[in-house]
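Novice: Okay, handing you the structure first.
There are 2 protein chains.
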Amino acid sequence: MTKEKNITTENLILKAAKSVFQRKGMDGARMQEIADEAGINKAMLHYYYRSKQLLFEAVFKNAFKSMTTHLGEILNDDLSIEEKIRNFTFNHISFIMEHPYLPSFIFQELNRNPEFILNIKKEIGLPNLEKFKKQLDDEVKNGHLKPINGEQLFINIIALNAFPFLGAPLIKAVTNTEDLAFEKLLENRKTEVANFIINSIKV
Amino acid sequence: MTKEKNITTENLILKAAKSVFQRKGMDGARMQEIADEAGINKAMLHYYYRSKQLLFEAVFKNAFKSMTTHLGEILNDDLSIEEKIRNFTFNHISFIMEHPYLPSFIFQELNRNPEFILNIKKEIGLPNLEKFKKQLDDEVKNGHLKPINGEQLFINIIALNAFPFLGAPLIKAVTNTEDLAFEKLLENRKTEVANFIINSIKV
DNA sequence: ATTTGGTTTAACTATTTGGTTGATAAATAT
DNA sequence: ATATTTATCAACCAAATAGTTAAACCAAAT
């Protein structure tokens, strides 16, 4: 069973809205374009979602959830830090490769309206770093890992995973890689990012 | 002598446009808001820059140049890879801290219109990686560094430098850091990012 | 068959917005 | 001084756009 939600009008709208908002952003998106892509009348958008803002929020919350759910699970399972990092980078990069507009969409919109993260925090929740940080401290103390701040390591991991997608147009141009070569490069990162990190922190 | 360009109307416009475009992006920016911020009549924007698109391009090219000029210089000086990385990360992060909207602006607009990078390439030029890559290969061959692909290392460096600014709202929320603590965290990264990278690649 | 409720549409509205214009003021040249 | 060019402004315009409305449609209940 593939995830082909009932093809109700409401779902057609959400799907089209996702596609348009993620490519154009809140400010660049047009309600008419969403209606056209869904193949329905523009009035339907308001009938089901009231306003552009609310339709946008529905799309954004979906997007945010899909990005952070995996993260939370991996962060809180019972593997070692090294295994967590290998798992997470592999899964995270694989996931983003199937939704390459997601990081750019999420970070762009959060920068446009930073307060919105409070809304998200309340309604969806954010990944919790406490277990990860504690575990890291333990592995540092017992000599498996070099000393490193948990927040900094977390930032580094997300940075190495997500940045190639945020910076794709620039990276492609600077490194002279076409779409295919770039795909290959991303494929490599699924394992090489973890190696890069582990190399840095392992004693 | 601080860089207080002649306060001609043309420069007032460019300064205000920079401020508004970098905060709101092309789609979110309003010509009237730019005029208000510059304290002049909206017609002046068109008198000096013809259209929103051309004004935007003037701002974007300036922004892009300011981000890549340093990079090019450091990449092509005669220091070792390790020194290059320490220099570059320190300078790059310091620079962005003074212009925190820049990365978000540049990457957002390049994602909105990826073809624009060709225009930039022709008119401004892009950093050249060849010397860096060759030098890296040499240092790998002579046993100073572990094997790593030049493009991948380059991406990692930029990622670790720029991402904290792109993801600031999310990072602040997930790590529970307020503005001041976040500033401190960035201050740390000026040296810690280089350590993190060098640790990973040094034999 | 008819009523009832939700669904869909075309046409419309009010507002925003990039861009223009024609008159006026201020420099600059003659 | 006077003509000419450059700069500035208030008012205006046309297109785009989020949102509304009133009528039509349709399926299920009576």
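Sequences listed follow chains A and B, in order.
Quick note on the UniProt record's numbering: the first sequence kicks off at 1 and runs consecutively.
Quick note on the UniProt record's numbering: the second sequence kicks off at 1 and runs consecutively.
Think of the CB as a built atom: it goes at the ideal place given N, C-alpha and C, for glycine as much as any other residue.
1) By Cβ distance below 7 angstroms, which residues in the same chain neighbour M31 (chain A) in space, the five residues on each side in sequence not counted?
2) Assign K18 (chain A) to one of three DSSP states: helix, strand, or coil.
3) Alpha helix (DSSP H) containing L118 (chain B): first to last residue?
4) Which runs of the beta strand (DSSP E) at least 3 residues long sit entirely within the region 135-161 of chain B? Give them in chain order.
5) Residues of the region 163-175 of chain A in Cβ contact with chain B at a cutoff of 7 angstroms, in chain order, please.
6) Residues of chain A with CB closer than 7 angstroms to the CB of E151 (chain B), please, in chain order.
7) Between the beta-carbon of L160 (chain B) and the beta-carbon of F196 (chain B), is there less than 8 angstroms?
8) Let me know if I106 (chain B) comes out buried or exposed under the rule of 16 or more other beta-carbons within 10 Å of its beta-carbon.
9) Excluding the five sequence neighbours on either side, which residues of its own chain have a C-beta within less than 7 angstroms of the C-beta of A58 (chain A), listed in chain order?
10) First and last residue of the alpha helix (DSSP H) that includes T69 (chain B)?
11) Since F163 (chain B) and I74 (chain A) are thought to touch, with beta carbons under 8 angstroms apart, how far apart are those beta carbons, to the nearest angstrom?
12) Taking Cβ to Cβ, would you say V193 (chain B) is nearer than 8 angstroms to T89 (chain B)?
13) Identify the contact partners of A194 (chain A) in chain B, using a Cβ-Cβ distance below 8 angstroms as the criterion.
14) Within the 8 angstroms Cβ cut-off, does K146 (chain B) reach chain A?
15) For L126 (chain B), go through chain A and note every residue whose CB falls closer than 7 angstroms to its CB, in chain order.
16) Go ahead and label S66 (chain A) buried or exposed: buried means 16 or more other beta carbons lie within 10 angstroms of its beta carbon, across all protein chains shown.
17) Below 8 angstroms on the Cβ atoms is my contact criterion, and I expect M26 (chain A) with E123 (chain A) to pass it. Report the Cβ-Cβ distance as a whole number of Å.
18) Does the distance from the CB of G72 (chain A) to the CB of P127 (chain A) come in under 8 angstroms?
19) Could you tell me if K84 (chain A) is buried or exposed, where buried requires 16 or more neighbouring beta carbons within 10 angstroms of its beta carbon?
20) Roughly how many angstroms lie between the CA atoms of N76 (chain B) and T69 (chain B), to the nearest whole one?
21) What residues from the region 89-107 of chain B come within 7 angstroms of chain A, judged by C-beta to C-beta, listed N to C?
22) Take the Cβ of E151 (chain A) as the centre, count every other Cβ of all protein chains shown within 10 Å, and call the residue buried at 16 or more, exposed below.
23) For K202 (chain A), write down the residues that DSSP places opposite it in a beta bridge.
24) Excluding five sequence neighbours on each side, which residues of the same chain lie with their C-beta closer than 6 angstroms to the C-beta of I201 (chain B)?
25) Which two residues bound the contiguous alpha helix (DSSP H) that contains I34 (chain B)?
26) Determine the chain A residues that contact N199 (chain B) at a beta-carbon separation under 8 angstroms, and present them in chain order.
27) Which class does H92 (chain B) belong to by DSSP, given the choice of helix, strand or coil?
28) Given this structure, state the Cα-to-Cα distance separating H99 (chain B) from K61 (chain B), to the nearest angstrom.
29) Along chain A, in chain order, which residues have C-beta atoms closer than 8 angstroms to that of D27 (chain B)?
30) With a threshold of 7 angstroms on Cβ separation, who are the neighbours of A17 (chain B) within its own chain once the five nearest residues in sequence on each side are excluded?
31) Hey, would you say S94 (chain B) sits closer than 8 angstroms to K190 (chain B), going by beta carbons?
32) I'd like the span of the alpha helix (DSSP H) that includes L170 (chain B), first residue to last.
33) N36 (chain B) to V20 (chain B), Cα distance in whole Å?
Specialist: So, to answer that:
1) One-based indexing of the first sequence puts residue 31 (chain A) at position 31. Hits under 7 angstroms: K42, L45 and K52.
2) Translated into positions along the first sequence, residue 18 (chain A) becomes position 18. Three-state result, K18 (chain A): helix.
3) The residue given as residue 118 (chain B) occupies position 118 in the second sequence. Counting along the chain, the alpha helix (DSSP H) containing L118 (chain B) begins and ends at F116 to E123.
4) none
5) F163, P164, L166, G167, P169, L170, I171, A173, V174 and T175
6) The residue you call residue 151 (chain B) lines up with position 151 of the second sequence. Residues of chain A passing the Cβ test: T175 and L185.
7) In the second sequence, residue 160 (chain B) corresponds to position 160, counting from 1. In the second sequence, residue 196 (chain B) corresponds to position 196, counting from 1. In contact: L160 (chain B) and F196 (chain B) (Cβ atoms closer than 8 angstroms).
8) Taking the second sequence and counting its residues from 1, the one referred to as residue 106 (chain B) is at position 106. Looking at its Cβ environment, which holds 16 or more other Cβ atoms inside 10 Å, I106 (chain B) is buried.
9) If you number the first sequence from 1, residue 58 (chain A) lands on position 58. L14 and Y49.
10) In the second sequence, residue 69 (chain B) corresponds to position 69, counting from 1. K52 to L75 is the extent of the alpha helix (DSSP H) around T69 (chain B).
11) On the second sequence, position 163 is the one that residue 163 (chain B) refers to. On the first sequence, position 74 is the one that residue 74 (chain A) refers to. Between I74 (chain A) and F163 (chain B) the Cβ distance is about 19 angstroms, and since that is not below 8 angstroms, they are no contact.
12) Within the second sequence, residue 193 (chain B) is the residue found at index 193, counting from 1. Within the second sequence, residue 89 (chain B) is the residue found at index 89, counting from 1. Result yes, Cβ atoms of V193 (chain B) and T89 (chain B) sit closer than 8 angstroms.
13) Within the first sequence, numbered from 1, the residue matching residue 194 (chain A) stands at position 194. Neighbours of A194 (chain A) on chain B: none; closest Cβ ~11 angstroms, over 8 angstroms.
14) In the second sequence, counting from the first residue as 1, residue 146 (chain B) sits at position 146. Output row for K146 (chain B): interface = yes.
15) On the second sequence, position 126 is the one that residue 126 (chain B) refers to. Per Cβ cutoff of 7 angstroms: A173 and V174.
16) Looking up residue 66 (chain A) in the first sequence gives position 66. That one is exposed.
17) As a first step, residue 26 (chain A) is located in the first sequence; it is residue number 26 there, counting from the start. As a first step, residue 123 (chain A) is located in the first sequence; it is residue number 123 there, counting from the start. With 8 angstroms as the limit, M26 (chain A) and E123 (chain A) do not qualify as a contact, their Cβ atoms being about 18 angstroms apart.
18) One-based indexing of the first sequence puts residue 72 (chain A) at position 72. One-based indexing of the first sequence puts residue 127 (chain A) at position 127. Yes, Cβ-Cβ distance for G72 (chain A) and P127 (chain A) is below 8 angstroms.
19) The sequence position of residue 84 (chain A) within the first sequence is 84, counting from 1. With 16 or more other Cβ atoms within 10 Å, it is buried.
20) Taking the first residue of the second sequence as position 1, residue 76 (chain B) is located at position 76. Taking the first residue of the second sequence as position 1, residue 69 (chain B) is located at position 69. Cα-Cα distance, rounded: 11 angstroms.
21) For the region 89-107 of chain B, residues whose beta-carbon sits nearer than 7 angstroms to a beta-carbon of chain A comprise S104 and F107.
22) To locate residue 151 (chain A), count along the first sequence from 1; it is residue 151. Under this definition E151 (chain A) is a buried residue.
23) Here residue 202 (chain A) refers to the residue found at position 202 of the first sequence. Looking at the DSSP assignment, K202 (chain A) forms a beta bridge with A:L145.
24) Within the second sequence, residue 201 (chain B) is the residue found at index 201, counting from 1. Contacts found: L145, K146 and I148.
25) Taking the first residue of the second sequence as position 1, residue 34 (chain B) is located at position 34. Taken as a continuous stretch (DSSP letters only), the alpha helix (DSSP H) holding I34 (chain B) covers M31 to A38.
26) Translated into the one-based positions of the second sequence, residue 199 (chain B) becomes position 199. Under the 8 angstroms cutoff, chain A gives K146, N199, S200 and I201.
27) What you label residue 92 (chain B) is simply residue 92 of the second sequence in a count that begins at 1. Of the three classes helix, strand and coil, the one that applies to H92 (chain B) here is helix, per DSSP.
28) Position 99 of the second sequence, counted from the start, is the residue given in the question as residue 99 (chain B). Position 61 of the second sequence, counted from the start, is the residue given in the question as residue 61 (chain B). Cα to Cα, the separation comes out at about 15 angstroms.
29) Indexing the second sequence from 1 puts residue 27 (chain B) at position 27. Those are K24, G25, D27 and G28, listed as they occur along chain A.
30) Locating residue 17 (chain B) in the second sequence gives position 17, counting from the first residue. Contacts found: I34, L55 and V59.
31) Residue 94 (chain B) sits at position 94 when you count from the first residue of the second sequence. Residue 190 (chain B) sits at position 190 when you count from the first residue of the second sequence. Yes, these two residues count as a Cβ contact at 8 angstroms.
32) The count along the second sequence starts at 1 and reaches residue 170 (chain B) at position 170. Start and end: A168 to T175.
33) Your numbering for residue 36 (chain B) matches position 36 in the second sequence. Your numbering for residue 20 (chain B) matches position 20 in the second sequence. Note on residue identity: the sequence assigns Asp, not Asn, to residue 36 (chain B). Cα to Cα, D36 (chain B) sits roughly 10 angstroms from V20 (chain B).
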